[in-house]
Amino acid sequence: MSFPALNLAEDWDFTELWIDPTASPPYVLILLSHESGKTQIYDPAQQYQVIFASPTYQEAKLWLLEDEYERVEQRLCAEKALV
1 MSFPALNLAE DWDFTELWID PTASPPYVLI LLSHESGKTQ IYDPAQQYQV IFASPTYQEA
61 KLWLLEDEYE RVEQRLCAEK ALV
């Protein structure tokens, strides 16, 4: 299975997976937070299109919680290269 190449900024800080546990199988969304604080939510089922963007993580989190999405426990953080 191949995935489309994502054109994502290199300055991302962390990403989270959010699921709708009422769907079967659970519906997955990807939250990507940039170092600037800007946050975008991508939908893998829609070819990774941005379905929500906000200037803050908190605003994006509230948007997901309103639709009863739940965050998968582990957060993936960007590794910073030491120069």
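The numbering of the sequence shown is the working numbering, which starts it at 1 and goes up by one.
Quick reminder that beta carbons are idealized off the backbone N, C-alpha and C, glycines included.
Only exposed fits residue 62, as fewer than 16 other CB atoms lie within 10 angstroms of its CB. When the Cα atoms are used, residue 44 and residue 22 turn out to be separated by approximately 18 Å. Assignment of beta-bridge partners to residue 50 by DSSP yields 42. Boundaries of the alpha helix (DSSP H) harbouring residue 66: 57–66, taken from the DSSP string. For residue 28, the uninterrupted beta strand (DSSP E) run begins and ends at 27–34, by DSSP.
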